[in-house]
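J.: Residue numbers (the working numbering), protein chains in the order written: chain Y, 970 to 1359; chain W, 26 to 454; chain L, 6 to 301. Before I ask anything, let me first share the structure, which is written out below as structure tokens.
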Amino acid sequence: MSDLLTRVRRGAGEKGPGGPASGRPGRTPRDLVTPGLWLLLGLVLMLLPFYLEAFWLRAGLFAMAAAIGAIGLNLLTGATGQLSLGHAFFLAIGAYGYCVFAGDPDAGVVGFGMPPLLAMVLAVLLAGAAGGIFSPIAGRLRGAYLGIATLALIFIGQHVLFNAHDLTGGYNGRSVPPLDILGFTFDNERVMVASVPFQAVEKLWYLGLILLVLGALFARGILRSRPGRAMNAIRDHRIAAGVMGVPVARYRGAVFIISSMYAGLAGVLLALIFQRTVPSYFGLILALEYLAMIVIGGLGTVGGAVLGAFFVTVIPQVLTRYSEALPLVSAPGTGGVAPGEVSRYLYGAAVVAAVLFLPGGLVRLPAVLRARRARRRAGTTDTGNMEVPS
Amino acid sequence: MRKRSVPSAAVATATVLALALTACSSKAEDDNTGGGGNAGNGDAGDGESLATGPGVTDDTISLGALTDMTGPYATLGVSITQAQQLYVKEVNEEGGVCERDLELTTRDHGYDASQAISAYNELEPNVLAYTQFIGSPFVTAIKDQVDSTDHAVIVAQAWTASLLGSEYIHMVGSTYDVETINAIDFLVDEKGLSEGDSIGHVYFEGDYGENALEGARYAAEELGLTISEQQIKPTDEDMTAQVGTLAREGVSAIIVSAGPRQAASVAGVAAAAGLNVPIIGNNSAFAPQLLATDAAPALLNEFYIAAPTLPIGSEEEGPSTLAEAYLAEYPDATLDNGVVAGWNAARLVTDALRIACDNNDLTREGVAAAMQELNDYDNAFGIVHDFSDPANPSSLESFILTPDTDTPGGLVVEREAFVSELAESFPRE
Amino acid sequence: MTTFLELLITGISLGSVYALIALGFVIIFKSTEVVNFAHASLLLAGGYFAVVSRDTLGFWLALLVGIAGAALLGMLLEFLIIRRYRGRDHSVLAIVTIGIDIVLITELARRIGPQIFSYRDPWGNTMMQLGPVSIPQTRVAAFVVAAALITVFLLAFRYTSWGVAMRAAAEDRGTAALMGVRLGWISASAWAVAGALAAVAALFLSIFPTTGLDRETGLIALKAFPAAIIGGLDSTTGALAGGLIVGVTQSLATGYQSELSFLGNGIGDLAPYLVMVVVLLIRPAGLFGTRELSRV
Chain Y
970 MSDLLTRVRR GAGEKGPGGP ASGRPGRTPR DLVTPGLWLL LGLVLMLLPF
1020 YLEAFWLRAG LFAMAAAIGA IGLNLLTGAT GQLSLGHAFF LAIGAYGYCV
1070 FAGDPDAGVV GFGMPPLLAM VLAVLLAGAA GGIFSPIAGR LRGAYLGIAT
1120 LALIFIGQHV LFNAHDLTGG YNGRSVPPLD ILGFTFDNER VMVASVPFQA
1170 VEKLWYLGLI LLVLGALFAR GILRSRPGRA MNAIRDHRIA AGVMGVPVAR
1220 YRGAVFIISS MYAGLAGVLL ALIFQRTVPS YFGLILALEY LAMIVIGGLG
1270 TVGGAVLGAF FVTVIPQVLT RYSEALPLVS APGTGGVAPG EVSRYLYGAA
1320 VVAAVLFLPG GLVRLPAVLR ARRARRRAGT TDTGNMEVPS
Chain W
26 MRKRSVPSAA VATATVLALA LTACSSKAED DNTGGGGNAG NGDAGDGESL
76 ATGPGVTDDT ISLGALTDMT GPYATLGVSI TQAQQLYVKE VNEEGGVCER
126 DLELTTRDHG YDASQAISAY NELEPNVLAY TQFIGSPFVT AIKDQVDSTD
176 HAVIVAQAWT ASLLGSEYIH MVGSTYDVET INAIDFLVDE KGLSEGDSIG
226 HVYFEGDYGE NALEGARYAA EELGLTISEQ QIKPTDEDMT AQVGTLAREG
276 VSAIIVSAGP RQAASVAGVA AAAGLNVPII GNNSAFAPQL LATDAAPALL
326 NEFYIAAPTL PIGSEEEGPS TLAEAYLAEY PDATLDNGVV AGWNAARLVT
376 DALRIACDNN DLTREGVAAA MQELNDYDNA FGIVHDFSDP ANPSSLESFI
426 LTPDTDTPGG LVVEREAFVS ELAESFPRE
Chain L
6 MTTFLELLIT GISLGSVYAL IALGFVIIFK STEVVNFAHA SLLLAGGYFA
56 VVSRDTLGFW LALLVGIAGA ALLGMLLEFL IIRRYRGRDH SVLAIVTIGI
106 DIVLITELAR RIGPQIFSYR DPWGNTMMQL GPVSIPQTRV AAFVVAAALI
156 TVFLLAFRYT SWGVAMRAAA EDRGTAALMG VRLGWISASA WAVAGALAAV
206 AALFLSIFPT TGLDRETGLI ALKAFPAAII GGLDSTTGAL AGGLIVGVTQ
256 SLATGYQSEL SFLGNGIGDL APYLVMVVVL LIRPAGLFGT RELSRV
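Below, the structure is given as structure tokens:
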């Protein structure tokens, strides 16, 4: 067992947490997943709104929004090694930016009444611009200094959200205008599709899927090409990267902006799901959750961010929903453990366990299992030629 | 390139399959399923004409409770939830409502927006009404949805004026602005404050504190007082700087619209610094646990609480019966105002259900209409409520309470329920 | 002027408590290069161990239990988790401490529940008169204790073999190990010291003028982050200066909040972070931190 772990660790070390970026055919699980599997997955995801009840769709949507945000954070923290505790701030900028740009000018809070699609784009750009404003500070700082400096963003953000009533609606937030693309509105108006009523969650599901796929493909493009290698070089050895000709400062600034834009997009999507922006949501806990996501899922990979986002957002929902049926979890006043507490134990422990026992996160789980199976069957150290367990 | 064809193929296949398969989707609507709306199926066995809505079956009525047992309001949430579970248990032992048992489903959202909104929507198709919803931002978030499509009666445990104006969302008792006006009235009437005096107001950022501040500003303007505002955050626990400022400004009284710990720190620092002025807090500014701390002596001297009900330690029948039953059920629990709030809310919903049952309309609209009929509603906690006007709180009255170590719950009545004239004239948009 | 003096003194005494927390934070960073986000839970744990044993042991023994408990917890965390990490990226380890913090805080909050614990300390709520300024005796005690502890630590750091070993380890781990410094022992002891200091801070953060220890008390450790950064993460002197700066800034911003109202209400909590951002703009490694010489 222990030598297995060291071997897996060594494997992870050779390729780096961004393993798939090596792109050798037949070596990583991702490359073994045939287009057929992707087709099936896409099909299932497309069909889910026809079967799943709104609760699960909403949980899925939260996870998709979180996944978009986590991809952005993974570019920054996972791939480039810049610790950010301020991701929630950029999510808030996206969410509130959208509300301000698209908001009704007569509703008592500032609103420009722009077409929602334009507002969405502008909100994402605004988040990017905010990242750009912060990036000179970010560019000067390293490691822990950057992490705690970004913590300041959270507190500044919370202060503004609570106090700038005209802009943010204060403590109770402001309502989110529904998205409208070419006359199709993502609101609660019931639209019958194949005799299934489509309301906001069903409609947004497809929007979320499209945004997530586009976001994931774009990030994967970055990670697998020249910029991605440069980012990993900066993470692994900043000075060496600079010596080799990577424009370190420019890359770090650019990644900060891109990461903020991902956060902004996630914020817009979250706002659309909530239908109301609530300032207390965009606090420190949210920022920590995003870090937990990328560590649990796998640092530096797109798949890791997505997996981690689903893990962290869906588990509390599942536990709360089935709290009555679970052992250990109990009603209040009986001295037992509440479902909310169980989910926190679980994801706190998952962060620790992922780093210690599964470096590379959940995305590496198939590889680890494969290695274990290979070892059990053949007793060899070759981990590359086995089928993917499905 | 090879993969680029996948999404379009998926879309095409998915569309075809979707059309083919939804015939067996449970979500597909045909004539029988209501889909979370207001369909009165009328398939109840008893009373041929009883219309029923979501959450009502032949033998149960399901109610929802959205609480915070793991977040910042955990203390309140646990008390409210336990009181409501106790109430439901008692009602069921006495035969239930409308020949049905009540069933209370509780969801702990830990004061997290995504959890709260998910939990609301999860329970929404399956419950008739909500006896508890902690967290005014979340109630505000679903307000439009409730008003336009869901129509479920919700009794919220947040007494802020921003929640007024919906015929489905109710609060038991006065809002914080009115409560603060009454508190100032008490200071003027009984503590000798007069025109030109200054009052310090230590308040939380957020809607609780800010709503209380609106009331304080209004009353101060009408009475010729000035307010010295000190905003704090829930994480601030040391009130030395705030009280020091108020002392220098020579305030004649302090209002605390914050949590129990902040109120205790204000009282303690003021006493130690020789600032001997009356201190009055809103309903949420006291917890009986405080009387076991070092702040107790300061709290027992010139410290008051304005509250929308009798305290749990009152000898009146309502509170004393509840206190006894609650301690019998939960021997280790603390008696606090959350217990009263939870009990009152559950009782209010249940009484509305009874009226709706008599009206043969156990739908959500029926329950909302029944709430409107409760315009002279005495819940045995000292104040008569009127739920017929959504634009106004159910009552403008407040009790003034004061801490007492020998009473369960730690509070006794200082001044019986009253309404300040200013509270009646307080303008509401 | 009296106002200013009073706010300054309040700020200094509060700042000395922040300095205790920040010092622990810096010690951990120096010896293991870990930014310890689990500091809040160490603080809460120290306080919790002390208050639950208060009734049976009396104040002073209970305080010792709290200090020893937090120190032991710190060591355990180092031994069971931090030491097991094989990677090189220390920001990953920082995220691990976030995971630890979530688990510990949840467990402690569950145990504490709705209770507000009182230390029933010997100082009570008496005020002391310092010239024109009156200040709670507990604050004076906090300042004295913090100053004494910090002095002791700085001396130990300079003159004991433990201190020399720790400085050697901070300088160059590899060479230190070759010179016979037991790195494992050094990091474990650093975590223990940090836990102990946090437990002392917990005491002064939960007695008068604060009401008592409850589930939220740990959050105050967040104030130590800007303190440590302002001073410089690898500087013990910096922790002291940073703590005082944060305390004074916060006290002044709160006291003069009506003059600062154009920034929005409740600026007091935000002010330390604003100061931190300004300091970082001028000195990216904090006031006393080691500046990195490499430039590319």
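Note that beta-carbon positions come from the ideal geometry of N, C-alpha and C, so glycine has one too. Please read these numbers as outputs of a predicted model, since none were measured by experiment.
Does the region 1127-1147 of chain Y come close enough to the region 104-111 of chain L that 3 or more CB-CB pairs lie under 8 angstroms?
T.: Verdict: no, contact absent.
J.: Are the C-beta of Gly135/W and some C-beta of chain Y separated by less than 8 angstroms?
T.: At least one chain Y Cβ lies under 8 angstroms of Gly135/W.
J.: In chain order, what residues of the region 1244-1267 of chain Y put their CB closer than 8 angstroms to some CB of chain W?
T.: Cβ contacts with chain W: Gln1244, Arg1245, Val1247, Pro1248, Ser1249, Tyr1250, Ile1254.
J.: Which full runs of the alpha helix (DSSP H) of 4+ residues lie inside the region 137-181 of chain W, going along the chain?
T.: Segments of the alpha helix (DSSP H) lying fully in the region 137-181 of chain W: 138-148, 161-170.
J.: Look up Asp126/W in the DSSP assignment and give the residues it is bridged to.
T.: Asp126/W pairs with Thr85/W.
J.: Would you mind stating whether Ile206/W and Val276/W have Cβ atoms separated by less than 8 angstroms?
T.: Not closer than 8 angstroms, so no.
J.: Examine chain W for any beta-carbon lying closer than 8 angstroms to the beta-carbon of Pro1146/Y, and answer yes or no.
T.: Chain W, which has no Cβ nearer than 8 angstroms to the Cβ of Pro1146/Y, makes this no.
J.: Quick one: list the residues of chain W neighbouring Asn1201/Y, beta-carbon separation under 8 angstroms, in chain order.
T.: Under the 8 angstroms cutoff, chain W gives no residues; its nearest Cβ is about 24 angstroms from Asn1201/Y.
J.: Does the beta-carbon of Leu286/L have 16 or more other beta-carbons within 10 angstroms, so that it is buried, or is it exposed?
T.: The residue in question, Leu286/L, is exposed, as its Cβ has fewer than 16 Cβ neighbours within 10 Å.
J.: Using 10 angstroms around the beta-carbon of Arg1333/Y, count the other beta-carbons present and answer buried if the total reaches 16, otherwise exposed.
T.: Per the 10 Å Cβ criterion, buried.
J.: Please confirm whether Leu208/L and Leu28/L have their CB atoms less than 8 angstroms apart.
T.: In this structure, Leu28/L does not lie closer than 8 angstroms to Leu208/L by Cβ.
J.: Could you spell out where the alpha helix (DSSP H) holding Ile121/L opens and where it closes?
T.: Here Ile121/L belongs to no alpha helix (DSSP H), and DSSP marks it neither H nor E.
J.: Any beta carbon from chain W within less than 8 angstroms of Ile121/L's own beta carbon?
T.: For Ile121/L, the answer is yes, since a Cβ of chain W falls inside 8 angstroms of its Cβ.
J.: Pick out whichever of Gly1330/Y, Arg1219/Y, Glu1258/Y, Val1215/Y has its Cα sitting closest to the Cα of Ala1107/Y.
T.: With distances taken between Cα atoms, Ala1107/Y lies closest to Arg1219/Y.
J.: Using a C-beta to C-beta distance shorter than 7 angstroms, which residues of chain Y count as neighbours of Thr143/L?
T.: Ordered by position in chain Y, no residue passes the 7 angstroms Cβ test against Thr143/L, which lies about 27 angstroms from the chain.
J.: Under 7 angstroms Cβ-Cβ, which residues of chain C neighbour Ser290/W?
T.: Although the question refers to chain C, the structure presented lacks it and instead comprises the protein chains Y, W and L.
J.: 8 angstroms is my cut-off, CB to CB: does Pro1085/Y come that close to chain W?
T.: With 8 angstroms as the cut-off, Pro1085/Y does not count as an interface residue toward chain W.
J.: Within 8 angstroms of any Cβ in chain Y, is that where the Cβ of Met196/W sits?
T.: It does not; no Cβ of chain Y falls within 8 angstroms.
J.: So, using beta-carbon positions, are Tyr124/L and Phe162/L closer together than 8 angstroms?
T.: Result no, Cβ atoms of Tyr124/L and Phe162/L do not sit closer than 8 angstroms.
J.: Who are the near neighbours of Trp455/W in its chain, counting only those whose CB is closer than 6 angstroms to its CB and skipping five residues on each side?
T.: For residue 455/W there is no data in the structure shown, the boundaries of chain W being 26 and 454.
J.: Can you confirm whether Pro1285/Y, when its beta carbon is compared against all beta carbons of chain W, has any partner nearer than 8 angstroms?
T.: Taking Cβ atoms only, chain W reaches closer than 8 angstroms to Pro1285/Y, which makes this a yes.
J.: Since Gly306/W sits in a beta bridge, which residues does DSSP pair it with?
T.: DSSP lists Val281/W, Ile330/W as partners of Gly306/W.
J.: Please confirm whether Ile194/W and Ala244/W have their CB atoms less than 8 angstroms apart.
T.: It is not a contact, given that the beta carbons lie outside the stated cut-off.
J.: Leaving out the 5 sequence neighbours to the left and right, which residues in its chain are closer than 6 angstroms to Ile330/W when beta-carbon positions are compared?
T.: Contacts found: Gly306, Phe311, Leu426.
J.: Below 8 angstroms, can you find three or more Cβ-Cβ pairs linking the region 339-350 of chain W to the region 75-90 of chain W?
T.: As far as the Cβ criterion goes, the region 339-350 of chain W does not touch the region 75-90 of chain W, which means the pair count is below three.
J.: Under 7 angstroms between beta-carbons, which chain L residues line up against Pro1328/Y? List them in chain order, please.
T.: Result: Gly92.
J.: Measuring CA to CA, which of Ile234/L, Met171/L, Ala147/L, Tyr164/L is closest to Pro215/L?
T.: Position check: residue 215/L holds Thr in this sequence, whereas Pro was assumed. Among Ile234/L, Met171/L, Ala147/L, Tyr164/L, the Cα nearest to that of Thr215/L belongs to Ala147/L.
J.: For Glu247/W, does the three-state DSSP call read helix, strand or coil?
T.: Of the three classes helix, strand and coil, the one that applies to Glu247/W here is helix, per DSSP.
J.: At the 8 angstroms Cβ level, is Thr200/W part of the contact set with chain L, yes or no?
T.: It does not; no Cβ of chain L falls within 8 angstroms.
J.: Considering only the beta carbon of each residue, do Gly1236/Y and Ile1062/Y sit closer than 8 angstroms?
T.: Their beta carbons are under 8 angstroms apart, which means Gly1236/Y touches Ile1062/Y by this criterion.
J.: Along the region 85-110 of chain W, what residues have a CB closer than 9 angstroms to any CB found in chain L?
T.: Cβ contacts with chain L: Thr95, Pro97, Ala99, Thr100, Leu101, Val103, Ser104.
J.: Suppose you measure from the CA of Asp71/W to the CA of Ile100/L; what does that come to, to the nearest Å?
T.: Note that Asp71/W scores a pLDDT of 47, beneath 50, so its modelled location is shaky; the value from the coordinates is reported in the next line. Spanning the two alpha carbons is a distance of roughly 60 angstroms.
J.: In whole angstroms, what is the alpha-carbon distance linking Arg1209/Y and Val1215/Y?
T.: It should be pointed out that residue 1209/Y corresponds to Ala in this sequence rather than to Arg. Each residue's alpha carbon lies about 9 angstroms from the other.
J.: Establish whether the CB of Tyr1140/Y and some CB of chain W are separated by less than 8 angstroms.
T.: It does; some Cβ of chain W falls within 8 angstroms.
J.: Does the Cβ of Ala153/L have 16 or more other Cβ atoms within 10 Å, making it buried, or fewer, making it exposed?
T.: Exposed.
J.: Go ahead and pull the three-state DSSP assignment for Leu98/L.
T.: In this structure, Leu98/L counts as helix in the three-state DSSP scheme.
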